[in-house]
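Working notes, structure below.
In mature numbering (1 follows the signal peptide of the UniProt record, and there is no 0), the protein residues as written are -24 to -1, 1 to 514.
Given below as structure tokens:
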């Protein structure tokens, strides 16, 4: 009897071990993408664009929380190329970030295999080219991370799921735009706004059913306002955070940002306008698509639904209504609000002021007077191989200072597990949009004028959203809190590509002297090696 019990016990232990081993590794998804040029006519005239697997926009990546992505990217362009995964945290893995400070670009007629995990994330994201002005030619697409079956989401499954990639667009070739910026000129005003690379898109559904619309601003310069004729939108997710589910007639979406809304087709069966129009721009560009009720034969009619007027106050007030759903699970079973960010005292405050100086007679953009220039060797490689002369730590101040702007490969030092306050100070008359690679952060405050410590009294320290891209209104400030729990060399940049390209960016080196795979993965065996690191072995 004792032996029988012992045998059952051993079998039970072995069964548990076998189950745990089966479940030990998360699923793998394999992709091969080929990047080429192609010709399309979105605005009625043929123009060269960047295709991925022959598609414009590129293929939509639909994955699940914790999936391992193995994506072989083949570059058939005549220029080096990289993709970056906007909003994907790349836990312990800035080697896969896909920006020039961390990766060598993929040469023409070459390939590179990205290997990363959608670790503990869920929501609406995107990818796009980070090299030159390739983003102005396409190469972007949707990246949606769905919850694992055992992790509930705070709304019923929608009847359908639509991804809308919306952004300003030029007829001008991306190489011409690139040359114009190199000569010191501004980008011209865009020619149009496109939805999924078209000016005539259509989305269909059944009356009475509810659909999810995933909306991303993939443009270069301009915020837009999104609305659907005759329909309310329930906001349910923003860049990986479940939100308090408020209803909106229209939503402002700024460059680099993503939101997800639920829309119930509760109107009489006909076709309705979907509208996106530019915000905070000297001219208003408007584009439309169609929400089609199945079995309806009534085309769109009536005036376009009106959007908000040029009111910073209106938009800032709306932004403050975006709140974390503290009772909802995130990608893990614990509630989003279980991390009490508002009760942690920041270790330091960083104030980042953007500016638009002329340097050597050419238009540049700067952060705290420093206009970033790319080094010939990715900073991550220089750091790994201890190559001197590529960058210096603290080459950018953590507070604005007086004096002329200058060019430098700017890097700011930070310690792993710091908890910091960052204030984006915008003293210009233009809209700003800031992105931090490798992280999400709590957007805790917006305000007009010059930020001062007294403004902390207005912070939301209870249920502020986490997101990866934050807008800063003209002559205003925005404050975020960031837990620096992800070691690596991370790009902090303007999401507005002209500004990023001409220097409104720098790198945050999050570091600890304790070398451990728990903190950061080793350099991948397939890493491209270039610049002064060429010839060195991984």
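From the three backbone atoms N, C-alpha and C, an ideal C-beta is built for every residue, glycine too.
These numbers come from a predicted model, not from an experiment.
Taking all protein chains shown into account, do 16 or more other C-beta atoms lie within 10 angstroms of the C-beta of residue 498, making it buried, or fewer, making it exposed? Position 522 of the chain shown holds residue 498. With fewer than 16 other Cβ atoms within 10 Å, it is exposed.
What first and last residue would you give for the alpha helix (DSSP H) that runs through residue 359? As a first step, residue 359 must be located in the chain shown, where it is residue number 383. Counting along the chain, the unbroken alpha helix (DSSP H) around residue 359 starts and ends at 355 to 360.
Using alpha carbons as the reference points, say which of 82, 318 and 160 lies closest to residue 336. Position 360 of the chain shown, counting from 1, holds the residue named residue 336. It is 160 whose Cα lies nearest to the Cα of residue 336.
Within a Cβ cutoff of 7 Å, which residues of the same chain sit near residue -16, ignoring the five residues on either side of it in sequence? Within the chain shown, residue -16 is the residue found at index 9, counting from 1. Residue confidence is low: residue -16 scores 40 on pLDDT, short of 50, so the model does not pin down where it sits. No coordinate-derived value is stated.
For residue 11, which residues in the same chain have their Cβ closer than 8 Å to its Cβ, ignoring the five residues on either side in sequence? Here residue 11 refers to the residue found at position 35 of the chain shown. Hits under 8 Å: 26, 27, 28, 49, 50, 51, 52, 53, 57 and 115.
Would you call the segment 439 to 447 and the segment 423 to 430 in contact, with 3 or more CB pairs under 8 Å? Contact between the segment 439 to 447 and the segment 423 to 430 is absent: fewer than 3 CB-CB pairs across the two stretches fall below 8 Å.
Alpha carbon to alpha carbon, how far is residue 387 from residue 74? Here residue 387 is taken as the residue at index 411 of the chain shown, counted from 1. Here residue 74 is taken as the residue at index 98 of the chain shown, counted from 1. Each residue's Cα considered, the two are about 17 Å apart.
Which residues bound the beta strand (DSSP E) around residue 422? Within the chain shown, residue 422 is the residue found at index 446, counting from 1. Per DSSP, residue 422 belongs to the beta strand (DSSP E) from 417 to 424.
Helix, strand or coil at residue 328 according to DSSP, with G and I counted as helix: In the chain shown, counting from the first residue as 1, residue 328 sits at position 352. Looking at residue 328 - three-state DSSP - the assignment turns out to be strand.
Exposure of residue 429, with buried meaning 16 or more beta-carbon neighbours within 10 Å: Taking the first residue of the chain shown as position 1, residue 429 is located at position 453. Label assigned to residue 429: exposed.
Which residue comes first and which comes last in the alpha helix (DSSP H) that contains residue 88? Here residue 88 refers to the residue found at position 112 when the chain shown is read from its first residue. Per DSSP, residue 88 belongs to no alpha helix (DSSP H); it is in the beta strand (DSSP E), 86 to 93.
Sort 220, 129 and 272 by Cα distance to residue 295 and report the nearest one. Translated into positions along the chain shown, residue 295 becomes position 319. Nearest of 220, 129 and 272 to residue 295, Cα basis: 220.
In this structure, does DSSP put residue 404 in helix, strand or coil? For the purposes of this step, residue 404 is taken as residue 428 along the chain shown, with counting starting at 1. If DSSP states are grouped into helix, strand and coil, residue 404 belongs with coil.
Looking at the strands, I want to know which residues DSSP matches up with residue 459. Residue 459 sits at position 483 when you count from the first residue of the chain shown. In DSSP, residue 459 forms a bridge with 395.
Just to confirm, are residue 255 and residue 228 a CB contact at a threshold of 9 Å? Within the chain shown, numbered from 1, the residue matching residue 255 stands at position 279. Within the chain shown, numbered from 1, the residue matching residue 228 stands at position 252. With a cutoff of 9 Å on beta-carbon distance, residue 255 and residue 228 are scored as near each other.
Inter-residue Cα distance where the pair is residue 83 and residue 43: Here residue 83 corresponds to residue number 107 of the chain shown, with the count starting at 1. Here residue 43 corresponds to residue number 67 of the chain shown, with the count starting at 1. When rounded, the separation of the alpha-carbon atoms in residue 83 and residue 43 is 28 Å.
From this set, 181, 246 and 373, which residue's C-alpha is nearest residue 238's C-alpha? What you label residue 238 is simply residue 262 of the chain shown in a count that begins at 1. Answer by Cα proximity: 181.
Residue interval of the alpha helix (DSSP H) (run including residue 210): Working through the chain shown from its first residue, we reach residue 210 at position 234. Run containing residue 210: none in the alpha helix (DSSP H); it sits in the beta strand (DSSP E), 209 to 214.
Terminal residues of the continuous alpha helix (DSSP H) containing residue 155? Here residue 155 refers to the residue found at position 179 when the chain shown is read from its first residue. Per DSSP, residue 155 belongs to the alpha helix (DSSP H) from 150 to 158.
Going by beta-carbon coordinates alone, are residue 93 and residue 142 separated by less than 9 Å? Start at 1 with the first residue of the chain shown, and residue 93 comes out as number 117. Start at 1 with the first residue of the chain shown, and residue 142 comes out as number 166. No, they are not a contact pair.
Would you mind giving the Cβ-Cβ distance between residue 196 and residue 144, rounded to the nearest angstrom? I have them listed as a contact below 8 Å. Here the question's residue 196 lines up with position 220 in the chain shown. Here the question's residue 144 lines up with position 168 in the chain shown. Confirmed, Cβ separation roughly 6 Å.
Check for me: the beta strand (DSSP E) holding residue 113 runs from which residue to which? Looking up residue 113 in the chain shown gives position 137. Residue 113 -> no beta strand (DSSP E), and no H or E assigned at all.
Based on DSSP bridge pairs, tell me the residues matched to residue 105. On the chain shown, residue 105 is found 129 positions in, with the first residue counted as 1. DSSP output for residue 105 lists 59 as bridge partner(s).
On the DSSP letters alone, give me the boundaries of the alpha helix (DSSP H) that residue 296 sits inside. The residue you call residue 296 lines up with position 320 of the chain shown. Here the alpha helix (DSSP H) through residue 296 covers 288 to 296.
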